[in-house]
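One structure is given below, encoded as C-alpha cells.
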Amino acid sequence: MQLEDDNGNLIAFEADPASPADDQRATEAGLIVVREVLQLRRSLPLQRVSSCECRPFRPGADDAEFLRINNLAFEWHPDQSGWSQQHLAKRMQEPWFDPLGFLILEENEAMVAFCWTKVHPATTKEPALGEIYVIGVDPVAHGRGLGTEIVIAGLEHLSGLGITTGMLHVESDNTAALHMYDRLGFTVHSSHRWWALPGSPVPSTTTPGVPT
Ligand SMILES: CC(C)(COP(=O)(O)OP(=O)(O)OC[C@H]1O[C@@H](n2cnc3c(N)ncnc32)[C@H](O)[C@@H]1OP(=O)(O)O)[C@@H](O)C(=O)NCCC(=O)NCCS
C-alpha cells in the first residue's frame, strides 16, 4: 500500500519486511510509524510440557463461545476485533483449517482460552512454519498462566507434526503478549510497518465490513 496526495507527495505506505531504507524514506516524507506488527520465531520443540488438557475445536458447537472470547480479548485490535460468524466460517473453509490444531481450554465445562494454529508448508525460501495463528484468553482469566500453557500446547501440536520452526505475529505495543512470547524464547524475525502523517488512524489489513 502506498498513498500520495493530489500533488504527488507521499502520505502513507507500508513495508513487510520493513528495512532501514523504508524508515529513511518515511522520515524524509515527514511520516511516522502508525502500526507495527512483529513476526516472532523460535525453534521447536520446546523443552517444556504444557499443563493444559485441551480439546480440539468443534465447528458449529464452539463458534459462539469462540467469537465471544475473541471479541472480548481482541476488542482493541485493528484486524481481530468485532469478528462475526462470517469471519470464522470463511477461515473454516480454508484448505489449511484443521480443528485438531485449534485447541480449546475449558474450566467447569466453559471455554476460557483458545490457541488456533496454522501450518505453512515449506517453500523454496522458507522451512515449514508452524504458526500460532490466534490465541486468546477470556479477560476474566488473564494473568493465571493460561495463555502461556495453551501456547505451549499449540507448539506441542505443531512439533508433533514434525515442524521445527514456530512463528507468530504480534502488535509491537501488545505488552502482555510480547512478555509471554519473550519468556517462551521467541525472538523478532521481521517487522511489518505502516507509516502515515502524524494523527492518521491506525490502519487495518482488512477492508471495513469485509471479513478477510
Ligand atoms: C496475551 C494473553 C494471551 C496472555 O494470557 P495470560 O493468560 O494473561 O498470560 P499468562 O498469565 O500466561 O502470563 C504470561 C506472562 O505475561 C505476563 N503478563 C500477563 N499480562 C501482562 C500485562 N498486561 N503486562 C505485562 N505482562 C503481562 C505475566 O506476568 C507472565 O509473565 P511471567 O511468566 O514472567 O510471570 C492475554 O493477555 C490475551 O488474551 N490478550 C488478548 C489477545 C492477545 O493479545 N493475544 C496474543 C496476540 S499475538
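Counting in full-length UniProt numbering, the sequence shown runs from 1 upward without gaps.
The beta-carbon is built from N, C-alpha and C at its ideal position, and this holds for glycine as well.
Quick one: Cα of residue i to Cα of residue j, how far?
i	j	result
Asn-71	Ser-81	5 Å
Leu-184	Leu-129	17 Å
Gly-154	Asn-7	49 Å
residue 215	Met-167	Shown here, the chain extends from 1 to 212; a query on residue 215 therefore has no answer.
residue 216	Val-34	Here the chain comprises residues numbered 1 to 212, so residue 216 is not present and cannot be evaluated.
Trp-76	Asp-173	11 Å
Ala-18	Glu-28	16 Å
Leu-46	Val-140	28 Å
Just checking residue i against ligand 1 - is the residue's beta carbon closer than 7 Å to any of the ligand's heavy atoms?
i	result
Phe-74	yes
Val-49	no
Can you name the residues that DSSP bridges to residue i?
i	result
residue 221	Nothing in the structure corresponds to residue 221, since the chain is present only between 1 and 212.
Trp-194	Glu-14 and Arg-35
Arg-41	Met-167 and Thr-187
Lys-118	Glu-131
Apart from the five residues on each side of it in sequence, which residues of its chain come closer than 6 Å, Cβ to Cβ, to residue i?
i	result
Gln-39	His-169, His-189 and Ser-190
Tyr-181	Leu-40
Any heavy atom of ligand 2 closer than 7 Å to the beta-carbon of residue i?
i	result
Gly-147	With respect to ligand 2, the structure offers nothing, as its ligand set consists of ligand 1.
For residue i, which residues in the same chain have their Cβ closer than 7 Å to its Cβ, ignoring the five residues on either side in sequence?
i	result
Glu-65	Met-111
Pro-198	Ile-32
Checklist entry - Should the region 48 to 57 be regarded as contacting the region 100 to 107, the criterion being three or more beta carbon pairs within less than 8 Å? => result yes
Checklist entry - Given 8 Å as the limit, is there contact between the region 135 to 145 and the region 19 to 34, that is, 3 or more CB pairs closer than that? => result no
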